[in-house]
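Protein chains in written order, with the numbering used here: chain A, 1 to 726; chain B, 1 to 82.
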């Protein structure tokens, strides 16, 4: 979020000459690469410069794809590329390849390395690797506010002198230091700050000799190579891209085919001679240098209060006894606030959209002499379904996502992954699935998007396919309503509330059980494999920024998901209205379908109305209950309730209970509806999201059909057992 | 001894990544700074005993038992009574 104040437009403020251009096109003078470890606030720096809104959060690995933006500063236009956050540039993971190749071959005019000032030792390792490639670099010491809170002092001038590049202290989330960062970027881009190339990483022994030999061979052919030690290191590592670039003459026009082949050969010899030890030595040298730099420039006191607070929180939330109860309590609290808190705004919205706007539209339509079918189609069909989805979907999402994002911002969610990883490991899945699963309780589509933080493709797919077993916001109201009508009614009044709440909790826990079971099943069958290497960094706790979090999570998650739901709800409303109003052989298509589906429905302890409702209400789980009610009144021919064929309506719990009992619903129907509500296909928004994330029809189909299969089997078994005992 | 033998309250120095460690795992461990001479200690143990969060290079990194066994260490100080 960009805060604007009077200062932003003041001439005396150099920041005033920053123009955030977002994604606009136009001539670009300089290209800037933004690199850094995961979770250093890289995306926040990117957003501060470009005015774009990359989602940020206290969770390593937020930037998954490369983001690009533009800004103008003092008459020059800059293009800035946000590279994936990596710990290193030495390995073969996709993220590292993207970052490494861009810095080496994309030839950015300036590379800004964003580091976490409070964790400099780890972060400098990456900075040193980048400096080996290019000295046209600015070191951005971000999260300075966190560092000073932790009592860490950094001698910025000495660090800048030691590295030979500008070092700028920033607190990007507070917009502090951005002006200084811009000035430094400009100085390096224009060459007014002469960065000093030096040998940062000193290798010794066999490794040192090997790198030195390859370097001198390269320098013999082209004495002006800027990053010869890095090239030599990569050649010995046999980096495919570097080898190809060298032999292709892309690294230097002076180095041609035969010469380069000779060097590549020599490098290969060294590699087989030194073997595995080579990488050890390189990384050791990098960390030795970064330790030295830190001990020369950083003073800190690890006994400061904030350090102790972090440790104390960790000791409690990952405690052997308290870890799990706290986790369930927090998730439960978030859900409880969501469900209770959403009632009031939901009522307001439905009062406005269904009771105020709807009659106005009807009157307007009749004044304009709409034919009955057009009025019905547009207002009773399309408008009503859309209005319903907005009224029941918006409030819970607008409460759940900000609350969830606050936990994420604070840094608690990685601890949940830490606590639950053992269970996911046993199921052959990834610990970070704990986050995507929790997110699914809010919205499955958002949960599916969140699986991007899982690097391993196999484990990401498992997380995507199983996300639907997290009971989403759209299904809680159905569960609560049916539980109180059919189960709460079985016990004395004073116990009704407790019993129905326990039943709903049971369904949610059953969903979690299905998540683990399905993960395990998939990793034994379709997605065979051991769970891959798991590492997770637990970031320091950061005080969440309340208003900013609420604002961005509303934009990022709530509105996007809501928009997708509306896009699907409108046509579904049209379909529901059409099948209820088009007659074939004397009765509506809906009735024909209900009659056709009834035998299957009864067979699995449900009925035709429920099955049809789940078919037509695929856009959003929220419209299942209104659709069921509408279809039931139509089947009963009950004109006392409802507003006519194909028109959803609202009713109190008692009215709904009477209606459903009249239609022949039993306790079994209620129980099985609750089960089927958990175990059925994802809503169309989620299916679409799964397709976008996997890019595969096959996996989208599996994710769609598997839960239905479960639902049919489970409902059938429950119905059989029920009939056996009654 | 390897990292799985480390107890809470002890500080150890990393010696090397053991032979037989899969290439990908070794790469990632090195990238995360599991290099010779680095100091390491246990910060938190997950409620189910695995994974464990280690403090190394002033950050907390969690490793599963299966991966931690590839890290060769030597205890420097501390006792395991904590």
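The beta-carbon is built from N, C-alpha and C at its ideal position, and this holds for glycine as well.
Residue i - DSSP class collapsed to helix/strand/coil
i, result
"residue 71(A)", "strand"
"residue 86(A)", "coil"
"residue 8(B)", "coil"
"residue 666(A)", "coil"
"residue 588(A)", "strand"
"residue 299(A)", "strand"
"residue 281(A)", "helix"
"residue 36(A)", "strand"
"residue 64(A)", "Summary for residue 64(A): the model assigns pLDDT 46, below 50, so the residue's position carries little reliability; its value from the coordinates is reported in the next sentence. In this structure, residue 64(A) counts as coil in the three-state DSSP scheme."
"residue 715(A)", "helix"
"residue 314(A)", "helix"
"residue 171(A)", "strand"
"residue 116(A)", "strand"
"residue 320(A)", "coil"
"residue 444(A)", "helix"
"residue 409(A)", "helix"
"residue 45(B)", "strand"
"residue 728(A)", "With chain A represented from 1 up to 726, any question about residue 728(A) goes unanswered, as that position is not in the structure."
"residue 58(A)", "With a pLDDT of 46 at residue 58(A), under the threshold of 50, the modelled position of that residue is not reliable, and the figure given next carries that caveat. Coil."
"residue 192(A)", "coil"
"residue 31(A)", "strand"
"residue 709(A)", "helix"
"residue 598(A)", "helix"
"residue 110(A)", "strand"
"residue 213(A)", "helix"
Beta carbon proximity, residue i to chain B, threshold 8 Å
i, result
"residue 319(A)", "yes"
"residue 605(A)", "no"
"residue 234(A)", "no"
"residue 200(A)", "no"
"residue 125(A)", "yes"
"residue 10(A)", "Low local confidence applies: a pLDDT of 48 at residue 10(A) is under 50, so the model's placement there is unreliable, and no value is given."
"residue 650(A)", "no"
"residue 121(A)", "yes"
"residue 721(A)", "no"
"residue 328(A)", "no"
"residue 738(A)", "Nothing in the structure corresponds to residue 738(A), since chain A is present only between 1 and 726."
"residue 706(A)", "no"
C-beta contact flag for residue i and residue j at 8 Å
i, j, result
"residue 121(A)", "residue 449(A)", "no"
"residue 317(A)", "residue 404(A)", "no"
"residue 581(A)", "residue 669(A)", "no"
"residue 425(A)", "residue 64(B)", "yes"
"residue 604(A)", "residue 672(A)", "yes"
"residue 730(A)", "residue 627(A)", "Nothing about residue 730(A) can be reported from this structure: the residues present for chain A run from 1 to 726 only."
"residue 149(A)", "residue 300(A)", "no"
"residue 570(A)", "residue 385(A)", "yes"
"residue 507(A)", "residue 461(A)", "no"
"residue 54(B)", "residue 45(B)", "no"
"residue 218(A)", "residue 165(A)", "no"
"residue 81(A)", "residue 94(A)", "no"
"residue 96(A)", "residue 89(A)", "yes"
Residue-level contact to chain A via CB, residue i, 8 Å cutoff
i, result
"residue 20(B)", "no"
"residue 63(B)", "yes"
"residue 32(B)", "yes"
"residue 9(B)", "no"
"residue 4(B)", "no"
"residue 15(B)", "no"
"residue 44(B)", "yes"
"residue 12(B)", "no"
Residues sharing a beta bridge with residue i, DSSP
i, result
"residue 72(B)", "2(B) and 16(B)"
"residue 77(B)", "11(B)"
"residue 435(A)", "Answer by DSSP bridge pairing: none, since residue 435(A) is not bridged."
"residue 698(A)", "Residue 698(A) is not bridged to any residue."
"residue 22(A)", "70(A)"
"residue 561(A)", "Beta-bridge pairing links residue 561(A) to no other residue."
"residue 141(A)", "115(A) and 169(A)"
"residue 53(B)", "44(B) and 62(B)"
Check each residue of the segment 265 to 280 of chain A: if its Cβ is closer than 8 Å to any Cβ of chain B, include it; give the result in chain order. 276, 279 and 280
Chain A contacts made by the segment 67 to 81 of chain B, where a contact means CB separation under 7 Å: 67
Going along the segment 405 to 429 of chain A in order, which residues come within less than 9 Å of chain B, judged by CB to CB distance? 414, 415, 417, 418, 419, 420, 421, 422, 423 and 425
Using a Cβ-Cβ cut-off of less than 7 Å, list which residues of the segment 509 to 543 of chain A approach chain B; keep chain order. 533, 534, 535, 536, 537 and 538
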